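S.K.: Its first residue numbered 3, the sequence shown is counted upward by one per residue in the numbering used here.
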Amino acid sequence: MALFLLDAYKKHKANKKRFDYEDQLFLMLKHLKDDTIFRSKIQAKNKYIIVDELQDMSKLQWRILEELIKGGSKFFGVGDPAQAIFSFRGADCEHLNTFMKRYTKGKSYPLTNNFRSTPQLLALSNFIRTKISNKYQHLVTTNSDGLKATVQECSTINSFADWCLEDIKKKLKNGTKRTDILIVARYHEQVDLIQDILKKGKVKVESDDPNNKGDLRPSLRGVKVCTIHSAKGRERNVCYVVDPRLSSNAVLDTKAEYLRLMYVAVTRAMSELVIAKSMCGQTNYKNATTDDMNILDEILYQDKLYT
Numbered sequence: 003m004a005l006f007l008l009d010a011y012k013k014h015k016a017n018k019k020r021f022d023y024e025d026q027l028f029l030m031l032k033h034l035k036d037d038t039i040f041r042s043k044i045q046a047k048n049k050y051i052i053v054d055e056l057q058d059m060s061k062l063q064w065r066i067l068e069e070l071i072k073g074g075s076k077f078f079g080v081g082d083p084a085q086a087i088f089s090f091r092g093a094d095c096e097h098l099n100t101f102m103k104r105y106t107k108g109k110s111y112p113l114t115n116n117f118r119s120t121p122q123l124l125a126l127s128n129f130i131r132t133k134i135s136n137k138y139q140h141l142v143t144t145n146s147d148g149l150k151a152t153v154q155e156c157s158t159i160n161s162f163a164d165w166c167l168e169d170i171k172k173k174l175k176n177g178t179k180r181t182d183i184l185i186v187a188r189y190h191e192q193v194d195l196i197q198d199i200l201k202k203g204k205v206k207v208e209s210d211d212p213n214n215k216g217d218l219r220p221s222l223r224g225v226k227v228c229t230i231h232s233a234k235g236r237e238r239n240v241c242y243v244v245d246p247r248l249s250s251n252a253v254l255d256t257k258a259e260y261l262r263l264m265y266v267a268v269t270r271a272m273s274e275l276v277i278a279k280s281m282c283g284q285t286n287y288k289n290a291t292t293d294d295m296n297i298l299d300e301i302l303y304q305d306k307l308y309t
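(1) DSSP state of N136, grouped into three classes?
(2) Determine the direct distance from the alpha carbon of T120 to that of R91, and round the result to whole angstroms.
(3) How many Å lie between R2 and E208 at the Cα?
(4) Nearest CA to the CA of R180: which residue from V186, H140, A187 and K171?
(5) What does a CB cutoff of less than 8 Å around R131 pick up in its chain, not counting 5 residues either side in sequence?
(6) Is it the case that the stretch 224-237 contacts the stretch 93-113, given that we only count it when at least three CB pairs across the two stretches are under 8 Å?
(7) If we ignore side chains and look at the alpha-carbon of each, how far apart do L200 and L167 end up?
(8) Of the residues L7, I183, I134 and E191, which one's Cα is nearest the Cα of I87?
(9) Indicate whether the contact test is met: 3 or more Cβ pairs, each with one atom in the stretch 67-78 and one in the stretch 249-267, closer than 8 Å.
(10) According to DSSP, what are the bridge partners of R238?
(11) Taking the beta strand (DSSP E) that F189 belongs to, which residues open and close that run?
(12) Quick one: is L8 buried, meaning 16 or more other Cβ sit within 10 Å of its Cβ, or exposed?
(13) Mapping DSSP to helix, strand and coil, what is L307?
(14) Are K150 and Y308 close, meaning C-beta to C-beta below 8 Å?
(15) If the criterion is Cβ atoms closer than 8 Å, does the pair V225 and L275 meet it?
(16) On the premise that V186 lies in contact with A258, defined as a C-beta separation below 8 Å, what is that separation, rounded to the nearest angstrom?
(17) What three-state label does DSSP hand S146 in the structure shown?
(18) Can the beta-carbon of L27 be found closer than 8 Å to that of L62?
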């Protein structure tokens, strides 16, 4: 079925003379390799290349970058393999590792200072970070002490959303601003349900609609609810992280991908982190072994990390 749809998609593009993003990347690579005039023009305009979020680049993007470097372009990039969460679109942090081994003349600098989170929240994210790989360095911070993370056990996404509504109302009453609050979830269905319950509870929710320019005004912005993938680059003082297991239609991730997703999620918080943890006890890793335990369940055995 998947092959049939892929073939139909390719035929549709050909009939309509359309190109998607991957087609554009492929054509760029092809012309860089085969067309010397095109390549020289591109090189002349791109003597210096700066790339952020290196870990999220696809193999095709890496090949384009390598062609430009071969032609003399200077390159500077920043990336964190612990935050590689876009495997569904071809990103693989191994491309970054391979690149660094291949270009041995380049210099790499570890960035271990965290300027966002309190020491207490950083301790929790470092715990997850080393579960991804024990080769990853712990991050450090000079930020002032704050609260430990809070773990709220929930049986369903509805029970969490109801509890979250009341918890947010308390925070707003005590002076927290709507724009200080972020809720991140793995699935769009979780995001939609939480947004609906907050709206019904008269809590202003910030829109993702780029056409809704009114929400750009600070006075009208509200609580942000989004997927983990959409949360990349975001930060707020208060962050709620929704357990992916609180979904009836969960698509299982590999253990490595799941850990990276949870790492990205918890590192959005600046001062206060609330983890809505499922009570199901299931591992929910695509490649789980009998010895595996879900990372959010593991945190419960780390008394120093939460209250």
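Where is the CB? At the ideal position from N, CA and C, for every residue including glycine. Owing to the predicted nature of the structure, the values given are computational and were not obtained by experimental measurement.
M.R.: On the basis of the data shown:
(1) coil
(2) 33 Å
(3) Because the chain here runs from 3 to 309, residue 2 falls outside it and cannot be looked at.
(4) K171
(5) A84, Y138, H140, L141 and Y265
(6) no
(7) 6 Å
(8) I134
(9) no
(10) A271
(11) Checking the sequence shown, residue 189 turns out to be Tyr, not Phe. Element bounds for Y189: n/a, residue is neither H nor E.
(12) exposed
(13) helix
(14) yes
(15) no
(16) Not really, about 19 Å apart at Cβ, beyond 8 Å.
(17) coil
(18) yes
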